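Numbering (this note's numbering), first residue to last: 46 to 166.
Next up, the structure:
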């Protein structure tokens with residue numbers, strides 16, 4: 046009586062409902078957090094929370110990185126660093142209209158004004 050069109054519509058409607066029901070909770074504008082980055086992100090938020098309330102801190106991005114040395118892409122003038130590739134994350138947080146960069150590697154998380162990409166130039 047209804048034909049193939051009705052059946053196709055019903056299947057599409059059911060599939061859409063299932064997809065919406067399985068969508069994750071949370072703000073769709075939240076960036077994905079790579080597995081294993083949670084502790085580095087928390088340390089960066091804790092550091093920034095010393096200056097701003099937690100509710101004012103927005104996570105812009107958390108990107109996996111391979112820093113070319115132990116400076117984590119944030120070398121201090123006059124310091125020497127182990128020349129070993131260091132796996133970590135580049136974390137970007139914002140408060141108001143200011144963005145703050147943090148770099149992590151191993152158990153370290155450091156604020157980084159230069160926010161180099163680790164590509165060596």
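Glycine included, every Cβ here is placed at the ideal spot set by N, Cα and C. Being a predicted model, the structure only gives us computed values, none of them experimental.
In angstroms with no decimal places, state the Cα-to-Cα distance between residue i and residue j.
i	j	result
residue 154	residue 114	14 Å
residue 116	residue 100	30 Å
residue 133	residue 150	4 Å
residue 147	residue 138	8 Å
residue 136	residue 97	17 Å
residue 152	residue 93	17 Å
residue 87	residue 108	14 Å
residue 157	residue 118	8 Å
residue 83	residue 102	15 Å
Compare the Cα-Cα distances from residue i to each of the options and report the closest residue.
i	options	result
residue 79	104, 158, 122 and 157	104
residue 76	106, 125, 131 and 121	106
residue 140	109, 111, 95 and 119	95
residue 111	126, 121 and 131	131
Going by DSSP, name the residue or residues bridged to residue i.
i	result
residue 136	107 and 147
residue 131	112
residue 90	BP columns for residue 90 are empty, so no partner.
residue 156	147
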